[in-house]
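**Student:** With the first letter of the sequence shown counted as 1, position 19 gets the number 39 in my numbering; the numbers rise by one all the way through. By construction, the Cβ of each residue, glycine as well, lies at the ideal position given by its N, Cα and C atoms.
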Amino acid sequence: TCDTYQDIRTSVTDAHAFLTRTIATPILQSTPHIYISALQLCPRSSSVFTNYAGRAHGLMAVGGTAMKRRENAPLAVWHIERGINCFELFPDGTHIASGSSEGTVSVWDATNGILVAGPTEPRGHSIHAIGVSHSNKLIVAGYEDGTVSVWDATNGLPVLGPLHGHFDSVLTVAFTPDNTRIVSGSRDRTICIWDAFTGIRITDPLEGHTDSIHSIAVSPSGRYIVSGSADRSIRIWDSSKGTLLSSLLEKHTGPVWSVKFSPDGARIASGADDNTVLLWNMTDGQSISLQSVFQGHTEGVVSVDFSSDSKQIVSGSYDCTIRIWDVTEGGLTAGPFERPVIGFQSVGFSPCGAWFFSGSSDGSVCLWDSSRKTVDEVPRGHISSVESVHFSPDGTRVVSGSEDHTICVWDVYKGTLVAGPFRGHTAGVISVAFSPDGTRIVSSAYDRTICIWDATDGKLLIDPCLAHQAWVTEVKFSPNGLFVVSCSDDGTICVWGAAKGTPVVGPFQRHTGGIFSVGYSPDGTRIVSGGSDGTICISDSTTGELLHGPYQGHSDWISSVSFSPNGKLIVSGAGGKDRTVAIWDAYNAELVCGPLHGHDGGVLAVSFSPDGKSIASSSDDRTIRVWDSKTGGLLTGPLKAHTQSVRSVHFSPDGTKLASGSRDQTLRIYDLEYQSNHSDALNGIWEVSDDGWFKNEKSQLLFWAPPELRRSFPRPYNPITIGPEGSLQVDYSRLRLGENWHECYQHK
Numbered sequence: 021t022c023d024t025y026q027d028i029r030t031s032v033t034d035a036h037a038f039l040t041r042t043i044a045t046p047i048l049q050s051t052p053h054i055y056i057s058a059l060q061l062c063p064r065s066s067s068v069f070t071n072y073a074g075r076a077h078g079l080m081a082v083g084g085t086a087m088k089r090r091e092n093a094p095l096a097v098w099h100i101e102r103g104i105n106c107f108e109l110f111p112d113g114t115h116i117a118s119g120s121s122e123g124t125v126s127v128w129d130a131t132n133g134i135l136v137a138g139p140t141e142p143r144g145h146s147i148h149a150i151g152v153s154h155s156n157k158l159i160v161a162g163y164e165d166g167t168v169s170v171w172d173a174t175n176g177l178p179v180l181g182p183l184h185g186h187f188d189s190v191l192t193v194a195f196t197p198d199n200t201r202i203v204s205g206s207r208d209r210t211i212c213i214w215d216a217f218t219g220i221r222i223t224d225p226l227e228g229h230t231d232s233i234h235s236i237a238v239s240p241s242g243r244y245i246v247s248g249s250a251d252r253s254i255r256i257w258d259s260s261k262g263t264l265l266s267s268l269l270e271k272h273t274g275p276v277w278s279v280k281f282s283p284d285g286a287r288i289a290s291g292a293d294d295n296t297v298l299l300w301n302m303t304d305g306q307s308i309s310l311q312s313v314f315q316g317h318t319e320g321v322v323s324v325d326f327s328s329d330s331k332q333i334v335s336g337s338y339d340c341t342i343r344i345w346d347v348t349e350g351g352l353t354a355g356p357f358e359r360p361v362i363g364f365q366s367v368g369f370s371p372c373g374a375w376f377f378s379g380s381s382d383g384s385v386c387l388w389d390s391s392r393k394t395v396d397e398v399p400r401g402h403i404s405s406v407e408s409v410h411f412s413p414d415g416t417r418v419v420s421g422s423e424d425h426t427i428c429v430w431d432v433y434k435g436t437l438v439a440g441p442f443r444g445h446t447a448g449v450i451s452v453a454f455s456p457d458g459t460r461i462v463s464s465a466y467d468r469t470i471c472i473w474d475a476t477d478g479k480l481l482i483d484p485c486l487a488h489q490a491w492v493t494e495v496k497f498s499p500n501g502l503f504v505v506s507c508s509d510d511g512t513i514c515v516w517g518a519a520k521g522t523p524v525v526g527p528f529q530r531h532t533g534g535i536f537s538v539g540y541s542p543d544g545t546r547i548v549s550g551g552s553d554g555t556i557c558i559s560d561s562t563t564g565e566l567l568h569g570p571y572q573g574h575s576d577w578i579s580s581v582s583f584s585p586n587g588k589l590i591v592s593g594a595g596g597k598d599r600t601v602a603i604w605d606a607y608n609a610e611l612v613c614g615p616l617h618g619h620d621g622g623v624l625a626v627s628f629s630p631d632g633k634s635i636a637s638s639s640d641d642r643t644i645r646v647w648d649s650k651t652g653g654l655l656t657g658p659l660k661a662h663t664q665s666v667r668s669v670h671f672s673p674d675g676t677k678l679a680s681g682s683r684d685q686t687l688r689i690y691d692l693e694y695q696s697n698h699s700d701a702l703n704g705i706w707e708v709s710d711d712g713w714f715k716n717e718k719s720q721l722l723f724w725a726p727p728e729l730r731r732s733f734p735r736p737y738n739p740i741t742i743g744p745e746g747s748l749q750v751d752y753s754r755l756r757l758g759e760n761w762h763e764c765y766q767h768k
């Protein structure tokens, strides 16, 4: 039946994708991880997961919104080398050619990303274009100096060139289907046709474009050449005579970056800076009509390609997404496939159509499953540093502020987005905090403004208030919720009415430099501040008068200060070379405990527990430590889960959890009551190798994770992480490692 056939087809397609993922990654090095890693991180809609996960036991349980985003995640990702300007998939789909800014050509295995030929001898000029012959034996490269060269694809040796004919950079190159000619387009606005054996130019330069030529393609018959230009036009040429046959003008409203013929020769696809893909019907070189306009990209389309059956078009864009379009129906059939890179430079279908590749300017190559369909949008996490985190008063939510200019509110237990992202700041968010009743959120940013938001729907309750003359480094609500205190890199402190955003006290100065942290005493009568001058001051919250201080003891700038819950103590953390935590008497400036040494980098944030017995500190050294506030002894840590500096840390209202935000773009929730119930191999600090293996302190393999999940993977004491791909939750309690791995799978 049709249903049975479709089920079989789906199973085969999913099995192929699973095998591609496994073969293309280091999982192949360790058989147990076909179950431990590959199966558990397989997209949940895959028939491989649905058919076999139920038979597997003793595996980690993985959940969260990030797993939903895995549906359209790459099959494989390789970082081949930096400085890559252009990529081209071989016609047989077995290899990928790349051209670099150093003028070298390299050939990579398309199944595992291993270098198989090259890099070629540098020519001293950057390569801007690359093409592969239909025989898969030759590679043509176009250079910044206007020359063209041909290389042997098997050994990287020079075959032909450099060929001189252009007067400016060569931006696009291609072989004719019979491999006898080479076509090149240049910034000098001309096209040259070369004999692929002798290097002789066959015709005079083809002229007609009024700006740089960014893309050329040759029809399957070899009769026609299509060119796309920054002059916004597409032109069709006779390849044997070099004559202009057609000009498609003013259909695109921006530079045309990419053009391709369909394999059946009946259509042309074009991608342009106007964010669109256009599909053209072509009867002959002079009979061309616009068939479809594909819209969906939010930035310029830099690369397009047809599937081998001419039924689909893949497009890559500066918006960091790839989309697949239906040629007949005219709609989106798969995607958007997303990756946080600096746009895609090249995309191309494999000959079988089961997968496609993408190459990006960061030197990464991805293989994608083209059978994946469009999926419902899943909320992302922050896509830049998480600068500040704060629990809601009831402990069920945590708010985060990021350098990506947004504020988000998350469910502490599920990791789902409860509200946001809130948009209103025009620069990175530095500080966020809930009001005492949990109904409002205050934020400050590098744009020098303060905003107050409805915590439920993100509505701005007051317009952004231009608060200081420099960055507003921290904001806090007063205990009664009526006021907000702010401090700034301009060296001032100000108290604002929370209802209207009008100044009530200040601005007043307490330090000889910028102020990085500020906070209220529990009774709301005092304000503590810490500055770049290494001092701590306590001021009257109603008058701004100095009450105590300046406290001196740190040898570098104060990054964070906070009152204890009873108001009798102050904790401070210092950055730079100081790297210590100190506890002070809030009334006489005496050092009560510390300085506490342990961090290997500057301390960036400190927080008292609700009962005042513990202090959490986070650091540039990527760790969090929890200290006894009375003795200064280390209670917990170092907790090393983040991969970059930990910018913020905050206790939950019941003291059982910590939240942290990091420059690695993640927010983590920690269970301070965590009791180990898993394999001993999971204890201690983990390290992540460049190839994706998580290893323990004995360098034993724990599991492998794909690039998009590595920075977000939770530790056993860290039940949930929220990163750019969404939330990730992992239960390790049943994971079997070591000699017992074979017990993971049971045959039925």
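Should P142 be labelled buried (16 or more other beta-carbon atoms within 10 Å of its own) or exposed?
**Tutor:** Taking the first residue of the sequence shown as 1, we reach residue 142 at position 122. With fewer than 16 other Cβ atoms within 10 Å, it is exposed.
**Student:** Going by DSSP, what residues sit across from E319 in a beta bridge?
**Tutor:** Residue mapping note: residue 319 aligns to position 299 of the sequence shown, counting from 1. Note: E319 sits in no beta bridge, so no partner.
**Student:** Taking the beta strand (DSSP E) that S412 falls in, what are its first and last residues?
**Tutor:** Position 392 of the sequence shown, counting from 1, holds the residue named residue 412. From DSSP, S412 is part of no beta strand (DSSP E); its letter is neither H nor E.
**Student:** With 16 as the cutoff for other CB atoms within 10 Å, does A625 come out buried or exposed?
**Tutor:** Counting from 1 along the sequence shown, the entry for residue 625 is found at position 605. Buried, since its Cβ has 16 or more Cβ neighbours within 10 Å.
**Student:** Apart from the five residues on each side of it in sequence, which residues of its chain come closer than 8 Å, Cβ to Cβ, to A606?
**Tutor:** On the sequence shown, position 586 is the one that residue 606 refers to. Cβ neighbours of A606 beyond the five flanking positions: S541, R546, V548, I558, H568, F583, S584, G587, K588, L589, I590.
**Student:** What whole-angstrom Cβ distance do L61 and V82 have, given they're in contact under 8 Å?
**Tutor:** Residue 61 sits at position 41 when you count from the first residue of the sequence shown. Residue 82 sits at position 62 when you count from the first residue of the sequence shown. Taking the Cβ atoms as the reference, L61 lies roughly 6 Å from V82, within the contact range of under 8 Å.
**Student:** H662 and S634: beta carbons closer than 8 Å?
**Tutor:** Counting from one through the sequence shown, the residue named residue 662 turns up at place 642. Counting from one through the sequence shown, the residue named residue 634 turns up at place 614. No, the Cβ-Cβ distance between H662 and S634 is not below 8 Å.
**Student:** Using a Cβ distance threshold of 8 Å, determine whether the region 82-92 contacts the region 58-73, with at least three qualifying pairs required.
**Tutor:** They touch, by the three-pair rule.
**Student:** Measure the beta-carbon distance from V279 to V246 and round it to whole angstroms, keeping in mind my assumption that it falls under 8 Å.
**Tutor:** Stepping through the sequence shown from its first residue, residue 279 is reached at position 259. Stepping through the sequence shown from its first residue, residue 246 is reached at position 226. Indeed they touch by this definition, with Cβ atoms about 5 Å apart.
**Student:** DSSP state of S432, grouped into three classes?
**Tutor:** Position 412 of the sequence shown, counting from 1, holds the residue named residue 432. According to the sequence provided, residue 432 is Val. The question's Ser does not apply to it. Note: V432 maps to coil in three-state DSSP.
**Student:** Between which two residues does the alpha helix (DSSP H) holding S67 run?
**Tutor:** Locating residue 67 in the sequence shown gives position 47, counting from the first residue. That run of the alpha helix (DSSP H) goes 67-72.
**Student:** Let's see if you can read the secondary structure: which residues bound the alpha helix (DSSP H) around T210?
**Tutor:** Position 190 of the sequence shown holds residue 210. From DSSP, T210 is part of no alpha helix (DSSP H) but of the beta strand (DSSP E) over 210-215.
**Student:** If you check the beta carbons only, do I150 and A161 fall under 8 Å apart?
**Tutor:** Walking along the sequence shown from the start, residue 150 turns up at place 130. Walking along the sequence shown from the start, residue 161 turns up at place 141. Yes. Within cutoff.
**Student:** If you pair each beta-carbon of the region 498-511 with each one of the region 462-482, do three or more pairs fall below 8 Å?
**Tutor:** yes
**Student:** If distances are taken between C-alpha atoms only, which option among Y244, A173, S665, H229 comes closest to T196?
**Tutor:** Indexing the sequence shown from 1 puts residue 196 at position 176. It is Y244 whose Cα lies nearest to the Cα of T196.
**Student:** I need the straight-line Cα distance from L481 to C471, nearest angstrom please.
**Tutor:** Residue numbering aside, residue 481 sits at position 461 when the sequence shown is read from its first letter. Residue numbering aside, residue 471 sits at position 451 when the sequence shown is read from its first letter. If I take the Cα positions, the gap works out to 8 Å.
**Student:** Buried or exposed: A519, going by 16 or more other Cβ atoms within 10 Å of its Cβ?
**Tutor:** What you label residue 519 is simply residue 499 of the sequence shown in a count that begins at 1. Exposed, by the Cβ-count rule.
**Student:** Going by other Cβ atoms of all chains shown within 10 Å of its Cβ, with 16 needed for buried, is Q720 buried or exposed?
**Tutor:** Your numbering for residue 720 matches position 700 in the sequence shown. Q720 comes out exposed.
**Student:** Compute the distance between the beta-carbons of G621 and D641, then report whether it is under 8 Å.
**Tutor:** Within the sequence shown, residue 621 is the residue found at index 601, counting from 1. Within the sequence shown, residue 641 is the residue found at index 621, counting from 1. Yes, these two residues count as a Cβ contact at 8 Å.
**Student:** For E494, report the span of its beta strand (DSSP E) as first-last.
**Tutor:** Working through the sequence shown from its first residue, we reach residue 494 at position 474. Unbroken beta strand (DSSP E) run through E494: 492-497.
**Student:** So, helix, strand or coil for E728, using DSSP?
**Tutor:** Stepping through the sequence shown from its first residue, residue 728 is reached at position 708. E728: helix per DSSP, three-state reduction.
**Student:** Can you pull the DSSP bridge partners for L678?
**Tutor:** The sequence position of residue 678 within the sequence shown is 658, counting from 1. Answer is F671, Y690.
**Student:** Looking at the strands, I want to know which residues DSSP matches up with P805.
**Tutor:** In the structure as shown, the chain begins at 21 and stops at 768. Residue 805 is therefore absent and cannot be evaluated.
**Student:** Quick one: measure Cβ to Cβ for T493 and I450, integer angstroms, because I've assumed they're closer than 8 Å.
**Tutor:** Indexing the sequence shown from 1 puts residue 493 at position 473. Indexing the sequence shown from 1 puts residue 450 at position 430. Indeed they touch by this definition, with Cβ atoms about 6 Å apart.
**Student:** Going by DSSP in three states, A701 sits in which element: helix, strand or coil?
**Tutor:** Within the sequence shown, the letter at position 681 stands for residue 701. Note: A701 maps to helix in three-state DSSP.
**Student:** Is it the case that the region 713-729 contacts the region 437-447, given that we only count it when at least three CB pairs across the two stretches are under 8 Å?
**Tutor:** Cβ pair count under 8 Å is below three, so no.
**Student:** Drop a sphere of 10 angstroms on the beta-carbon of T600, count the other beta-carbons inside from all chains shown, and report buried for 16 or more, exposed for fewer.
**Tutor:** For this step, residue 600 is matched to residue 580 along the sequence shown. Classification of T600: buried, given that the 10 Å Cβ count is 16 or more.
**Student:** Determine, using beta carbons only, whether H265 and W277 come nearer to each other than 8 Å.
**Tutor:** Reading the sequence shown from its first residue, position 245 is the one you call residue 265. Reading the sequence shown from its first residue, position 257 is the one you call residue 277. At residue 265 the sequence reads Leu, which differs from the His that was named. Cβ distance not < 8 Å, so L265 and W277 don't count as in contact.
**Student:** Please classify P523 as buried or exposed, where buried requires at least 16 other C-beta atoms within 10 Å of its C-beta.
**Tutor:** By 1-based counting over the sequence shown, the position of residue 523 is 503. The residue is exposed, with fewer than 16 neighbouring Cβ atoms inside 10 Å.
**Student:** Find the nearest neighbour of A237 within the set F326, G320, D251, G228, judged by alpha-carbon distance.
**Tutor:** Along the sequence shown, read from residue 1 onward, the residue named residue 237 stands at position 217. Considering only alpha carbons, the answer is F326.
**Student:** Have a look at G544 and I603 and give me their C-alpha separation to the nearest angstrom.
**Tutor:** As a working mapping, residue 544 is identified with position 524 in the sequence shown. As a working mapping, residue 603 is identified with position 583 in the sequence shown. So the alpha carbons of these two residues sit roughly 20 Å apart.
**Student:** Do P726 and G746 count as a contact pair if the criterion is CB distance below 8 Å?
**Tutor:** The count along the sequence shown starts at 1 and reaches residue 746 at position 726. The count along the sequence shown starts at 1 and reaches residue 726 at position 706. Going by C-beta atoms, G746 is not nearer than 8 Å to P726.
**Student:** Rounding to the nearest angstrom, what Cα-Cα distance links T348 and S330 in this structure?
**Tutor:** As a working mapping, residue 348 is identified with position 328 in the sequence shown. As a working mapping, residue 330 is identified with position 310 in the sequence shown. Distance between the alpha carbons of T348 and S330 is about 10 Å.
**Student:** Would you call the region 669-685 and the region 404-420 in contact, with 3 or more CB pairs under 8 Å?
**Tutor:** yes
**Student:** Taking C-beta to C-beta, are L755 and G78 nearer than 8 Å?
**Tutor:** Here residue 755 corresponds to residue number 735 of the sequence shown, with the count starting at 1. Here residue 78 corresponds to residue number 58 of the sequence shown, with the count starting at 1. Taking 8 Å as the Cβ cut-off, L755 and G78 qualify as a contacting pair.
**Student:** For the region 630-675, list the beta strand (DSSP E) runs that are entirely contained and at least 3 residues long, ordered along the chain.
**Tutor:** 634-639, 644-648, 654-659, 666-671
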